[in-house]
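Taking my numbering, the leading residue of the sequence shown gets 13, the next gets one more, and so forth. Heads up, the beta-carbon is just placed ideally off N, CA and C, and yes, glycines get one too.
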Amino acid sequence: MINPEMVDYIRTMVKGDHDSNDRIEARLDELGWGGFPTLLGAVFYFAVNRHFNAATTPGEIMRFVAEMRASSPVGTPEIDVHAAESLIRAAVDPDVDTAIDPQMAGRIQGLVILKVLGGGAVDDDELNALLADSAALARRV
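Written out as structure tokens, the structure is:
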């Protein structure tokens with residue numbers, strides 16, 4: 013089940029509102045995170061397809077992943093570069109098959125979402141629309 017607090021959690025993450033994000037995280041720890049991986053995957057899908065398309069070259073994805081890793085804050089958990097590239101490619105090309113550890117996939121998805129949507133890259137209306145589309149997709153899955 014996707015609840016509104018999960019959507020708010022991602023919204024505060026993208027907007028860099030750490031206090032609200034911590035508060036929502038504590039609430040979700042009480043309520044449960046069931047359905048969150050599906051929602052995160054949906055947000056990742058829309059974020060990736062906002063930034064890339066089927067014509068994106070492997071080199072462009074490699075550069076994106078390298079830049080993402082280089083700009084990640086100190087203490088950010090390491091990600092598998094090849095898994096990140098594969099996961100991004102799979103989001104834009106339905107013919108790409110990828111099997112990635114779910115925990116690693118979640119780390120990658122979170123970092124990609126922050127890279128594509130964070131830092132003011134989208135305004136509130138764009139973010140709200142993307143999150144609404146993501147929640148709707150996650151509820152159908």
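Q. Going by beta carbon distance, what residues of the same chain come within less than 8 Å of residue 143, once the five residues before and after it are set aside?
A. Closer than 8 Å at Cβ, skipping near neighbours: 19, 22, 23, 55.
Q.
By the DSSP assignment, the alpha helix (DSSP H) with residue 83 in it spans what residues?
A. From DSSP, the alpha helix (DSSP H) with residue 83 extends over 70-83.
Q: Please report how far the alpha carbon of residue 74 lies from the alpha carbon of residue 103, in whole angstroms.
A: For residue 74 and residue 103, the distance between alpha carbons rounds to 15 Å.
Q. Would you call the segment 83-91 and the segment 47-61 in contact, with 3 or more CB pairs under 8 Å?
A. Two segments are said to touch when three or more pairs of C-beta atoms, one from each, lie closer than 8 Å; by this definition the segment 83-91 does not touch the segment 47-61.
Q. If you run the structure through DSSP and keep just helix, strand and coil, what is residue 24?
A. In the three-state DSSP reduction, residue 24 falls in the helix class (H, G or I).
Q) Since residue 120 and residue 99 are thought to touch, with beta carbons under 8 Å apart, how far apart are those beta carbons, to the nearest angstrom? A) Yes, they are in contact, since the Cβ atoms of residue 120 and residue 99 sit about 5 Å apart, within 8 Å.
Q: Tell me whether residue 34 sits in a helix, a strand or coil according to DSSP, three-state version.
A: The answer is helix: DSSP assigns residue 34 an H, G or I state.
Q) So residue 40 and residue 17 are in contact, right, with Cβ under 8 Å, and what is the actual spacing, rounded? A) The Cβ separation is near 6 Å, so the contact holds.
Q: Consult DSSP for residue 86 and reduce its assignment to one of helix, strand or coil.
A: Here residue 86 sits in coil by DSSP.
Q. What residue ranges within the segment 97-142 form continuous alpha helix (DSSP H) runs of no fewer than 4 residues, ordered along the chain?
A. Entirely contained in the segment 97-142, the alpha helix (DSSP H) runs reaching 4 residues are, in chain order, 114-129.
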